[in-house]
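Engineer: Numbering-wise, the sequence shown is residues 40 to 207 according to the numbering used here.
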Amino acid sequence: MLDQVEAMKFVQEEISNFGGDPNKITIFGESAGGGSVSAHTYSPLSRGLFQQMIAESGAVWTSLDHTSTDIYYLSASRAQVLCNFSKEMWNSMNYTLLETCLMDMEYKKWLPLEQHNVIGWKIVLDGYFMPDWPKNLAKDRPNLPVIVGMYQAFFDSTFKISKNSDFL
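#1: Exposed or buried, ILE66, counting other C-beta atoms within 10 Å across all chains shown (16 or more means buried)?
#2: For the alpha helix (DSSP H) containing PHE49, name the first residue and the last one.
#3: Using a Cβ-Cβ cutoff of less than 7 Å, which residues in the same chain neighbour LEU41 once the five nearest sequence positions on both sides are dropped?
#4: Let me make sure I understand the geometry here. Which of MET132, SER75, SER114, GLU95 has the alpha-carbon closest to that of LEU152?
#5: How long is the line joining the alpha carbons of SER82 and GLU45, rounded to whole angstroms?
#6: VAL120 by DSSP, collapsed to three states: which one?
#7: Can you find at least 3 beta carbon pairs, one from the region 51-58 and one from the region 168-178, that sit closer than 8 Å?
#8: Expressed to the nearest angstrom, what Euclidean distance is found between the alpha-carbon atoms of VAL99 and GLN91?
#9: What residues in its chain sit with their C-beta under 8 Å from that of ILE64, if we drop five residues either side in the sequence?
#10: Do SER102 and SER75 count as a contact pair if the criterion is CB distance below 8 Å?
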C-alpha cells in the first residue's frame with residue numbers, strides 16, 4: 040500500500056507535465072486492486088492524492104487482515120512460531136537471525152500459517168497507512184465520486200437472482 044501512495048504522489052507531482060490535471064486524478068482497481076482503492080479512501084496518507092475512484096470486485100473489508108490487530112502482532116508472532124525469534128529479539132530491530140532462519144526454511148513449514156490468506160496479502164492495521172479499523176476511520180473519509188462494479192464470475196450468485204438490465 041505504501042508503494043501505491045508513493046506512486047500517487049509521483050502522479051500528483053508530474054501529471055501536469057503530461058497535460059493532466061492534478062485536481063482530477065482517478066484511481067482504479069479490480070479485485071485486490073479494488074480493495075486497495077477502497078483502502079486509500081480511509082488512509083490519511085492518501086488524502087488529497089486523488090479525487091475520484093473506481094473499485095471493481097473488491098472492497099477494503101475483503102482485503103483486511105481480520106486475524107490480528109496490527110502488523111507488529113502478525114509479524115512478531117510468525118517470527119516466534121517459525122524461528123523462535125523472541126519479542127526481545129524483535130524489539131532489538133536486528134533481524135539477521137530471522138532472515139537467515141526464513142531463507143533456509145522450506146515453504147512447507149510456513150505455508151499452513153497462510154492458508155486463510157486466499158489473496159496472498161492483506162492490509163493490516165499498522166498505525167500508519169491504516170491507523171485504525173475502517174469503520175472508525177469512516178467519519179474522516181473524504182466524500183469522493185465513486186463507481187463500484189463487479190465481475191460476474193466473482194459474484195455469480197448475484198447474477199443468478201438478477202438480470203443485466205437491473206444494472207447500469
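Every residue, glycine too, gets a C-beta built ideally from N, C-alpha and C.
Values in this document were obtained by computation on a predicted structure and should not be read as measured data.
Structural biologist: The structure says:
#1: Taking all protein chains shown into account, ILE66 has 16 or more neighbouring C-beta atoms within 10 Å of its C-beta and is therefore buried.
#2: Note, PHE49: alpha helix (DSSP H), 41-53.
#3: These residues qualify, in order along the chain: PHE168.
#4: When only C-alpha atoms are compared, the closest one is SER114.
#5: Between SER82 and GLU45, the C-alpha separation is close to 13 Å.
#6: Helix at VAL120.
#7: With a cut-off of 8 Å, the region 168-178 and the region 51-58 do not count as touching, because too few Cβ pairs lie within range.
#8: Each residue's alpha carbon lies about 16 Å from the other.
#9: So the qualifying residues of the chain are MET47, VAL50, GLN51, ILE54, LEU88, PHE89, GLN90, GLN91.
#10: A distance below 8 Å separates the beta carbons of SER75 and SER102.
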